[in-house]
Amino acid sequence: MLENIYAEFSKTHKVVVAPTGGKIQAVATFMLKCMHPDVHIVYPVVKRFAEDYTDGQQDPVEFAYANFRSFVQGLDRYRIKDLITMKEEVETSLLPTGSQ
């Protein structure tokens, strides 16, 4: 979902994400940021939580990566792929008429 929103608005808007949900949303936002460094992340700060903010806790979720660095590099390759495609589109558009 974040990727779709980014694709729709990133060319004409500054993309700011405020992950106000659980930790999984924060992890997804981190991944989006790795793929698109122009995304800004804003964490809201509250003075106190509402009484009905939470109702207990769930079992913890754990992400296990054999090689976290390789995972992040894969996210970066995703970003670079888009940049290469964009470069090719620009270069093609600059060709003289009839050369395409």
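In terms of my numbering, the sequence shown opens at residue 1 and continues consecutively. Here a beta-carbon is modelled for each residue, glycine too, at the ideal position from N, C-alpha and C.
What residues are listed by DSSP as bridge partners for residue i?
{"i": "H40", "result": "V16"}
Do you know whose CA, among the options, lies nearest residue i's CA?
{"i": "V45", "options": "G21, N67, Q58 and T29", "result": "G21"}
{"i": "K11", "options": "K47, D82 and T92", "result": "D82"}
{"i": "E62", "options": "I24, A7 and L95", "result": "I24"}
{"i": "A7", "options": "F68, N67, M86 and A66", "result": "M86"}
{"i": "V72", "options": "K14, E89, F30 and D52", "result": "F30"}
{"i": "V27", "options": "A64, T92 and D52", "result": "A64"}
{"i": "P37", "options": "F49, L94, K14 and E91", "result": "K14"}
Which residues in the same chain have their Cβ closer than 6 Å to the Cβ of residue i, if we skip the five residues on either side of it in sequence?
{"i": "L32", "result": "L2 and V39"}
Excluding the five sequence neighbours on either side, which residues of its own chain have a C-beta within less than 8 Å of the C-beta of residue i, listed in chain order?
{"i": "V42", "result": "V16, V17 and A18"}
{"i": "F9", "result": "V15"}
Going along the chain, which residues of its own chain have a beta-carbon closer than 7 Å to the beta-carbon of residue i, five neighbours each way excluded?
{"i": "M35", "result": "L75, Y78 and R79"}
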